[in-house]
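Undergrad: This is the structure, below, for whatever I ask next.
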Amino acid sequence: MKKLVASFTLFFACAGAALAAGGGIAWDKAPDKSNDLLALQHGAKLFVNYCLNCHSAAYMRFNRLKDIGLTEQQIKDNLLFTTDKVGETMKATLDPRQAKDWFGGNPPDLTLIARSRSAAGQGSGADYVYTYLRTFYPDPSKATGWNNLAFPNVGMPHVLWELQGQRVPEYTPVQQHGHEVEVFKGWKQVTPGTMSPAEYDAAMGDLVGYLSWMADPSQGTRVRVGVWVLLFLLVFTFFAWRLSAAYWKDVK
Amino acid sequence: MAEMKEISPNAPAGARLLNWVDNRFPLSQLYNDHLGQYYAPKNLNFFYVFGALSILVLAIQIITGIFLVMHYKPDAALAFGSVEYIMRDVPWGWLIRYMHSTGASAFFIVVYMHMFRGLIYGSYRKPRELVWVFGCAIFLCLMAEAFMGYLLPWGQMSYWGAQVIVNLFAAVPFVGPDLALLIRGDYVVGDATLNRFFAFHVIAVPLVLLGLVAAHIIALHEVGSNNPDGVEIKATKGADGNPLDGIPFHPYYTVHDIFAASMFFMVFTAIIFFAPELGGYFLEYNNFIPADPLKTPLHIAPVWYFTPYYSMLRAITDEMMLVLIACIWGGALVAVFRGKLAVLFKIMILGAAVVVTAMMLSTDAKFWGVVVMGGAVVILFFLPWLDYSAVKSIRYRPSWHLYVYAIFVVNFIVLSYLGIQPPSAIGERISQVGTLYYFGFFLLMPWWSSMGDPKPVPSRVNFAPH
Numbered sequence: 725m726k727k728l729v730a731s732f733t734l735f736f737a738c739a740g741a742a743l744a745a746g747g748g749i750a751w752d753k754a755p756d757k758s759n760d761l762l763a764l765q766h767g768a769k770l771f772v773n774y775c776l777n778c779h780s781a782a783y784m785r786f787n788r789l790k791d792i793g794l795t796e797q798q799i800k801d802n803l804l805f806t807t808d809k810v811g812e813t814m815k816a817t818l819d820p821r822q823a824k825d826w827f828g829g830n831p832p833d834l835t836l837i838a839r840s841r842s843a844a845g846q847g848s849g850a851d852y853v854y855t856y857l858r859t860f861y862p863d864p865s866k867a868t869g870w871n872n873l874a875f876p877n878v879g880m881p882h883v884l885w886e887l888q889g890q891r892v893p894e895y896t897p898v899q900q901h902g903h904e905v906e907v908f909k910g911w912k913q914v915t916p917g918t919m920s921p922a923e924y925d926a927a928m929g930d931l932v933g934y935l936s937w938m939a940d941p942s943q944g945t946r947v948r949v950g951v952w953v954l955l956f957l958l959v960f961t962f963f964a965w966r967l968s969a970a971y972w973k974d975v976k
Numbered sequence: 139m140a141e142m143k144e145i146s147p148n149a150p151a152g153a154r155l156l157n158w159v160d161n162r163f164p165l166s167q168l169y170n171d172h173l174g175q176y177y178a179p180k181n182l183n184f185f186y187v188f189g190a191l192s193i194l195v196l197a198i199q200i201i202t203g204i205f206l207v208m209h210y211k212p213d214a215a216l217a218f219g220s221v222e223y224i225m226r227d228v229p230w231g232w233l234i235r236y237m238h239s240t241g242a243s244a245f246f247i248v249v250y251m252h253m254f255r256g257l258i259y260g261s262y263r264k265p266r267e268l269v270w271v272f273g274c275a276i277f278l279c280l281m282a283e284a285f286m287g288y289l290l291p292w293g294q295m296s297y298w299g300a301q302v303i304v305n306l307f308a309a310v311p312f313v314g315p316d317l318a319l320l321i322r323g324d325y326v327v328g329d330a331t332l333n334r335f336f337a338f339h340v341i342a343v344p345l346v347l348l349g350l351v352a353a354h355i356i357a358l359h360e361v362g363s364n365n366p367d368g369v370e371i372k373a374t375k376g377a378d379g380n381p382l383d384g385i386p387f388h389p390y391y392t393v394h395d396i397f398a399a400s401m402f403f404m405v406f407t408a409i410i411f412f413a414p415e416l417g418g419y420f421l422e423y424n425n426f427i428p429a430d431p432l433k434t435p436l437h438i439a440p441v442w443y444f445t446p447y448y449s450m451l452r453a454i455t456d457e458m459m460l461v462l463i464a465c466i467w468g469g470a471l472v473a474v475f476r477g478k479l480a481v482l483f484k485i486m487i488l489g490a491a492v493v494v495t496a497m498m499l500s501t502d503a504k505f506w507g508v509v510v511m512g513g514a515v516v517i518l519f520f521l522p523w524l525d526y527s528a529v530k531s532i533r534y535r536p537s538w539h540l541y542v543y544a545i546f547v548v549n550f551i552v553l554s555y556l557g558i559q560p561p562s563a564i565g566e567r568i569s570q571v572g573t574l575y576y577f578g579f580f581l582l583m584p585w586w587s588s589m590g591d592p593k594p595v596p597s598r599v600n601f602a603p604h
């Protein structure tokens, strides 16, 4: 029996490991910013300034940003670059045909990226984006001059390189199954960015926090309402239980 | 036709109104037949709440469905966006949508539990065969309903899942490609498919489903509920003509079911409010990407409730076909050498085995995978005529029967798990063994269910007052 349990455990562990090896490095855990309005607002600013030129968020309306504590006037003054109507959705200015020429494809819509990129055993979509935004490195063999460890051979250049500076990954040789393979060890900063590595990570945490919020903007309300619903149901269940017991106590 | 009943003009207004209605519509009679004077066994246990819960979930699905249709657009260009519109811009739209998506999975959970209850307590045995058959038809409708509903959000998994399943029909010999074309209404899954699935999902299948639910309940209330002891309570009646071991459904089981419903709602709302995707099982992550006919996802998995059947489909490989042929010949030879049958009948059996073998060798294994997948559901209909046990309930079956059922349940769960996973060599072997067990459980039931000595069945139900 013990052998059986052991073999089952091994089987599921192998299956899990095989799943995790879906291309790209293991994902870092993204910080949870869902309750930090300042971080979400900072993330929104980064998103509108750096991402929205090429990527749309076609299901997201600008005025929905009121939910993370911005006023309509603030949105109009600071974030409306691509439209003049605050009730519009976030559409990229990039022409899809040009995008095809430049990057080989149309940049994906980012409204739901923090949800759709989740993978069982690997992490949430937020973890993926957080890792992706922090693992660009220069690669002269690519058309854009950039490559990425989380998304090998990605078509997108490192848009945030001025903030992060240039880094190259370093590898160490490791023996695996009798072969020598190169395993990612860490990063070497080649040129400095305008942000320190810690500042850059924090900024990316805010940006990913914003993307997570945008993927599921009802999340905050959902959890708040959910607590009350469950509390109500607890009380209701207690009375339903006592009512049932009161009827059944005379049944012999 | 009943006589016109007179009531004193001095009676309270309510009584007079009821009398007026009763003379024109059997309201009091319906109430008494199905609630007030419907006697259910008093020893029903935990497993008996899932029937009422399925009705509850059905109501949730219909009501939330109505509100979703008010904002949803069945158009390949607009469908995905309209679901996101519901999630973001429709007031409380996210709640309605999460209730509907969680409700789909909840439906299968309560129905699987309900079927399991029927299975272990022999609720399909005489005189409840039709209750079971209607129930199986409901299950079939539910699968069609879930499958077609899943296309509507028009995400990647919606699209490719539908593509895979509709292509299965193309494996049918001769008419397959035309059949698939008929279902899709196009050469690929597209706008035409979305529109017809929408029509089926919101009106055609629900109509059939509601009719079947009515038939299921009418048949049940005609024969009366079974119970964990499998004892017929109608056999022992009191002086008033009511079963001694029975108790009026209302109020006893209504208060009981309200309690069960509130427990159910705690789990249901916890998922809706705190984990609506349930780790990718209730809402698949890939389905948050709009359908793209040019980009096939790496791994296409059906939603969890279809995965046991999907596993069985994948288990049918060319190798497995040889095993199935061996099973057919094994069965045929046993019938010929051991069965007490007329010679002509034995020759017919051998002839049938030859024909089936020839068909299996000449058609693609994929088609037989489809046959096995469909057969796994269809075989449930025949359960009442496969069980030869002298007793109904697992409680009085020979003790080792319990293990047969336990392995059946574990097997079903393992098959579900494997159906979610990407194909693997070891997974394929396990699901092949699992498929054989699943079908062996049913097809060999006439033999194994009559083996062993059943325990004595009491004449009255076991009931501990609580």
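Going down the list, the sequences are from chains A and B. Under our numbering, the first residue of the first sequence is numbered 725, with each subsequent residue one higher. Under our numbering, the first residue of the second sequence is numbered 139, with each subsequent residue one higher. Ideal placement from N, C-alpha and C gives every residue a C-beta, glycine not left out. Keep in mind that this is a model prediction, so the values were computed, not measured.
1) In the DSSP assignment, find the beta strand (DSSP E) that holds M784/A and state where it starts and stops.
2) Out of E141/B, Y176/B, P147/B, G174/B, point me to the one whose CA is closest to F163/B's CA.
3) For the segment 949–970 of chain A, enumerate the residues whose C-beta is nearer than 7 Å to any C-beta of chain B, in chain order.
4) What residue range is occupied by the uninterrupted alpha helix (DSSP H) comprising F446/B?
5) Show which residues of chain B have a CB atom less than 8 Å away from the CB atom of R839/A.
6) So, with DSSP's three-state summary, where would you put M253/B?
7) Quick one, are the C-beta atoms of I558/B and A439/B less than 9 Å apart?
8) What's the gap between the Cα of S920/A and the Cα of Q888/A?
9) Closer than 8 Å is the cut-off here; do at least three beta carbon pairs connect the segment 477–496 of chain B with the segment 287–295 of chain B?
10) Output the distance between the C-alpha atoms of A969/A and H604/B, rounded to the nearest integer angstrom.
11) If we cut at 9 Å on Cβ distances, does A745/A have a partner in chain B?
12) Are the beta-carbon atoms belonging to R295/B and N425/B less than 9 Å from one another?
13) Answer with yes or no whether the minimum CB distance from T374/B to chain A is below 9 Å.
14) By how many angstroms is the C-alpha of D756/A removed from the C-alpha of L979/A?
15) Taking just the CA atoms, how far does P381/B sit from A373/B?
16) Are there 16 or more other CB atoms within 10 angstroms of the CB of G489/B, so buried, or fewer, so exposed?
17) Hey, R235/B and P522/B: beta-carbon distance below 9 Å or not?
18) If we cut at 9 Å on Cβ distances, does D756/A have a partner in chain B?
19) What residues in its chain sit with their C-beta under 6 Å from that of I532/B, if we drop five residues either side in the sequence?
20) Could you check the C-alpha separation between G746/A and H437/B for me, to the nearest Å?
21) I need the DSSP call for Y861/A, collapsed to helix, strand or coil.
22) So for A745/A, helix, strand or coil by DSSP?
23) Considering only C-alpha positions, which residue in the set F519/B, Y423/B, N549/B, V441/B is nearest to Q846/A?
24) Relative to the alpha-carbon of G917/A, which residue among T795/A, W885/A, F827/A, L857/A has its alpha-carbon at the smallest distance?
25) Considering P916/A, what are the terminal residues of the alpha helix (DSSP H) in which it resides?
26) Just grab the DSSP bridge partners of I385/B for me.
27) Since T813/A sits in a beta bridge, which residues does DSSP pair it with?
28) What residues from the segment 168–200 of chain B come within 8 Å of chain A, judged by C-beta to C-beta, listed N to C?
29) On the criterion of 16 or more Cβ atoms from any shown chain inside 10 Å, does M497/B qualify as buried, or is it exposed?
30) Answer with buried or exposed for P366/B, where buried requires no fewer than 16 other C-beta atoms within 10 angstroms of its C-beta.
31) Considering only residues of the same chain and omitting the five flanking positions on each side of I463/B, which have a CB-CB separation below 7 Å?
32) Cα separation between V441/B and G565/B?
33) According to DSSP, which residues form a beta bridge with A843/A?
34) Evaluate the contact criterion for the segment 952–963 of chain A versus the segment 850–862 of chain A: three or more CB pairs, one atom per stretch, below 8 Å.
35) Below 8 Å on C-beta distance, what does T835/A contact in chain B?
36) If distances are taken between C-alpha atoms only, which option among E894/A, Q913/A, W911/A, T915/A comes closest to V905/A?
TA: From the atom records:
1) By 1-based counting over the first sequence, the position of residue 784/A is 60. 781–785 is the span of the beta strand (DSSP E), which, as asked, contains M784/A.
2) Taking the second sequence and counting its residues from 1, one reaches residue 163/B at position 25. In terms of CA proximity to F163/B, E141/B leads the group E141/B, Y176/B, P147/B, G174/B.
3) Cβ contacts with chain B come from V949, G950, V953, L954, L957, F960, T961, A964, W965, L967, S968.
4) Sequence index remark: in the second sequence, residue 446/B carries index 308 (1-based). Phe is not the amino acid found at residue 446/B; the sequence shown has Pro there. Where P446/B is concerned, the enclosing alpha helix (DSSP H) stretches over 445–453.
5) Position 115 of the first sequence holds residue 839/A. Near R839/A (Cβ distances below 8 Å), the residues of chain B are E415, Y423, F426.
6) In the second sequence, counting from the first residue as 1, residue 253/B sits at position 115. Looking at M253/B - three-state DSSP - the assignment turns out to be helix.
7) Within the second sequence, numbered from 1, the residue matching residue 558/B stands at position 420. Within the second sequence, numbered from 1, the residue matching residue 439/B stands at position 301. For I558/B and A439/B, yes; Cβs fall inside 9 Å.
8) Counted from its first residue, the first sequence places residue 920/A at position 196. Counted from its first residue, the first sequence places residue 888/A at position 164. Each residue's alpha carbon lies about 7 Å from the other.
9) The segment 477–496 of chain B vs the segment 287–295 of chain B: no contact.
10) To locate residue 969/A, count along the first sequence from 1; it is residue 245. To locate residue 604/B, count along the second sequence from 1; it is residue 466. Near 8 Å, if we compare the C-alpha coordinates of H604/B and A969/A.
11) One-based indexing of the first sequence puts residue 745/A at position 21. Note that A745/A has pLDDT 41, beneath the 50 cutoff, so the model's placement of it is unreliable and no number is given.
12) Position 157 of the second sequence holds residue 295/B. Position 287 of the second sequence holds residue 425/B. According to the sequence shown, residue 295/B is Met rather than Arg. Yes, the pair counts as a contact, with Cβ atoms nearer than the cut-off.
13) Counted from its first residue, the second sequence places residue 374/B at position 236. Not flagged as an interface residue toward chain A: T374/B, since no C-beta distance is shorter than 9 Å.
14) The shown model of chain A, from 725 to 976, leaves out residue 979/A, and the question about it has no answer.
15) Your numbering for residue 373/B matches position 235 in the second sequence. Your numbering for residue 381/B matches position 243 in the second sequence. Each residue's alpha carbon lies about 7 Å from the other.
16) The residue labelled residue 489/B in the question sits at position 351 within the second sequence. If you draw a 10 Å sphere on the C-beta of G489/B, you find fewer than 16 other C-beta atoms in it, and that means exposed.
17) By one-based count along the second sequence, residue 235/B stands at place 97. By one-based count along the second sequence, residue 522/B stands at place 384. For R235/B and P522/B, no; Cβs fall outside 9 Å.
18) Your numbering for residue 756/A matches position 32 in the first sequence. By this cut-off, D756/A is not an interface position.
19) Taking the second sequence and counting its residues from 1, the one referred to as residue 532/B is at position 394. For I532/B, where only same-chain residues beyond five positions count, the Cβ hits under 6 Å are I258.
20) Locating residue 746/A in the first sequence gives position 22, counting from the first residue. Locating residue 437/B in the second sequence gives position 299, counting from the first residue. Reliability fails at G746/A, whose pLDDT of 46 lies under 50, so the model's placement of it is uncertain and no value is given.
21) Stepping through the first sequence from its first residue, residue 861/A is reached at position 137. Here DSSP, grouped into helix, strand and coil, assigns Y861/A to strand.
22) By 1-based counting over the first sequence, the position of residue 745/A is 21. Model confidence at A745/A stands at a pLDDT of 41, short of 50, so the residue's coordinates are unreliable; what they give is reported in the following sentence. The DSSP-derived three-state label of A745/A is coil.
23) The residue you call residue 846/A lines up with position 122 of the first sequence. Selected option, being the one with the closest Cα: Y423/B.
24) The residue labelled residue 917/A in the question sits at position 193 within the first sequence. The shortest C-alpha to C-alpha distance from G917/A to any of T795/A, W885/A, F827/A, L857/A is the one to W885/A.
25) Counting from one through the first sequence, the residue named residue 916/A turns up at place 192. P916/A: not part of any alpha helix (DSSP H); member of the beta strand (DSSP E) spanning 903–916, first to last residue.
26) Translated into positions along the second sequence, residue 385/B becomes position 247. Within the DSSP secondary-structure output, I385/B pairs in a beta bridge with A178/B.
27) The residue labelled residue 813/A in the question sits at position 89 within the first sequence. DSSP links T813/A through a beta bridge to R785/A.
28) Going along the segment 168–200 of chain B in chain order, one finds K180 with a Cβ nearer than 8 Å to chain A.
29) For the purposes of this step, residue 497/B is taken as the residue at position 359 of the second sequence. Taking all protein chains shown into account, M497/B has fewer than 16 neighbouring C-beta atoms within 10 Å of its C-beta and is therefore exposed.
30) Here residue 366/B refers to the residue found at position 228 of the second sequence. A residue is called buried once 16 or more other Cβ atoms fall within 10 Å of its Cβ, and P366/B is buried on that count.
31) For this step, residue 463/B is matched to residue 325 along the second sequence. Excluding residues within five positions, the ones whose Cβ falls inside 7 Å are T495, M498.
32) Here residue 441/B is taken as the residue at index 303 of the second sequence, counted from 1. Here residue 565/B is taken as the residue at index 427 of the second sequence, counted from 1. Rounded to the nearest whole angstrom, the CA to CA distance from V441/B to G565/B is 18 Å.
33) Translated into positions along the first sequence, residue 843/A becomes position 119. According to DSSP, which records beta bridges pairwise, A843/A is partnered with G847/A.
34) Taking 8 Å as the limit for Cβ pairs, the verdict is that the segment 850–862 of chain A does not touch the segment 952–963 of chain A.
35) Your numbering for residue 835/A matches position 111 in the first sequence. Those within 8 Å of T835/A in chain B are E222.
36) Taking the first residue of the first sequence as position 1, residue 905/A is located at position 181. Comparing Cα-Cα distances from V905/A to each of E894/A, Q913/A, W911/A, T915/A, the minimum goes to E894/A.
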